[in-house]
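Going by the UniProt record's numbering, 133 is the number at position 133 of the sequence shown; the sequence numbering is gapless. I have placed the structure first, in the form of structure tokens, so that the comments after it can refer back to it.
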Amino acid sequence: MTGPELETFCEEINGGASIGATVLFQFINLAKAMVEQTRPWVALLYTDTSKTVATGNTWQTAIDLSTVARFNRFYGETPIKVFDGNNSFQRYRQVPFNERLLYRNTPGTFVYDEANKTLYLNGTVQFAGTLYIDHIKDSPEITNDDSSSWIFPSWAHPLLGFYAVAINKGGVDYDDINARMAPENRAQAKVITDRLEWLDNEKQLQAQQNIDPYQSDDAWRPGAIYIS
């Protein structure tokens, strides 16, 4: 659904009563955030390659991530890799920002200043290269515009309408919002949520089922049993 179509849907499930557009789209985007924060959805996984690093980098060299659009959080055990453009890359894992002095000389680690959206790589950077930053984004805000639409499959879009109308009726948390839905809408919302989670599970498994976490390169481990 586009933004205007979602607005019409909300009016229809609200018994024909309209909700002010400004308030409605605030509720729709609140509902969107509630759904997106429940898990690291595949649809929201991105890798940013707009940042570079030089060999002169130190633990005090700030890397600005405020320009990475809609950045929500890092993803994965080693969400940052430095790649030299040829065959070399180095992985980095996150450690607590308040322990940055302890880890300042520990290679392969980084800290993130959340308040200032600033990244710091610890230790010595072995080679200059591009940062590959695996992260989860927030999807774009939904607006009353024909070009605006949720990034998730169209069959899941009614979920935002069910939530938005329930929030308008006074829902203050997940359980309360569900309780304020009409029974049939609540049942449909659960079906949509279950299907979304199933689809996301399948996508994540598809990406993982043919790799070996104990293999150092991209080859299959000799003698291992692979079940498809």
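In this text, a Cβ means the ideal position worked out from N, Cα and C, and glycines have one as well.
Determine whether the beta carbon atoms of residue i and residue j lie at a separation below 7 Å.
i, j, result
"S50", "K117", "no"
"V42", "K190", "no"
"H135", "F71", "yes"
"T106", "N86", "no"
"G108", "Y92", "yes"
"N29", "I142", "yes"
"F9", "G129", "no"
By the three-class DSSP mapping on this structure, what secondary structure does residue i have?
i, result
"R91", "strand"
"K137", "strand"
"F27", "helix"
"R39", "coil"
"F71", "strand"
"T49", "strand"
"F152", "coil"
"R194", "Note on residue identity: the sequence assigns Asp, not Arg, to residue 194. Correct three-state label for D194: helix."
"F127", "coil"
"K117", "coil"
"T8", "helix"
"T55", "coil"
"T22", "helix"
"K169", "coil"
"I142", "coil"
"D84", "coil"
Just tell me which of the options has its CA closest to the CA of residue i.
i, options, result
"I19", "V191, L196, K169", "K169"
"L44", "F74, P107, Q60, G108", "F74"
"W198", "A21, R39, N29", "R39"
"E36", "G161, Q206, I151", "I151"
"A21", "V68, F162, P153, N144", "N144"
"E11", "Y103, Y163, I63", "Y163"
"T78", "D113, Q26, L131, F27", "L131"
"Y112", "P153, D64, S154", "D64"
"P153", "E114, A115, D200", "D200"
What's the C-alpha gap between residue i and residue j?
i, j, result
"L119", "N185", "44 Å"
"Q188", "F83", "46 Å"
"G16", "L24", "14 Å"
"V165", "R100", "45 Å"
"G3", "I80", "35 Å"
"P140", "L159", "17 Å"
"residue 236", "N98", "What is shown of the chain runs 1 to 228, which leaves residue 236 out entirely."
"Q94", "S149", "33 Å"
"T61", "D194", "44 Å"
"Y103", "D48", "24 Å"
"A31", "A115", "25 Å"
"W59", "F127", "15 Å"
"P96", "L6", "41 Å"
Leaving out five residues before and five after residue i in sequence, what residues of the same chain have Cβ atoms less than 6 Å from its Cβ?
i, result
"A156", "I192, L196"
"V125", "V53, T55, N57"
"V68", "D48"
Enumerate in chain order the residues of its own chain whose CB-to-CB distance from residue i is below 8 Å, with the five nearest sequence positions on each side excluded.
i, result
"Y46", "D134, H135, I136, K137"
"A33", "D138"
"D146", "T2, G3, P4"
Which residues in the same chain as residue i place their Cβ atom closer than 7 Å to its Cβ, once the five residues preceding and following it in sequence are excluded?
i, result
"F27", "A164, I167, N168"
Would you say residue i faces chain D, with C-beta separation under 7 Å as the test?
i, result
"W155", "The structure shown contains no chain D; it is built from a single protein chain."
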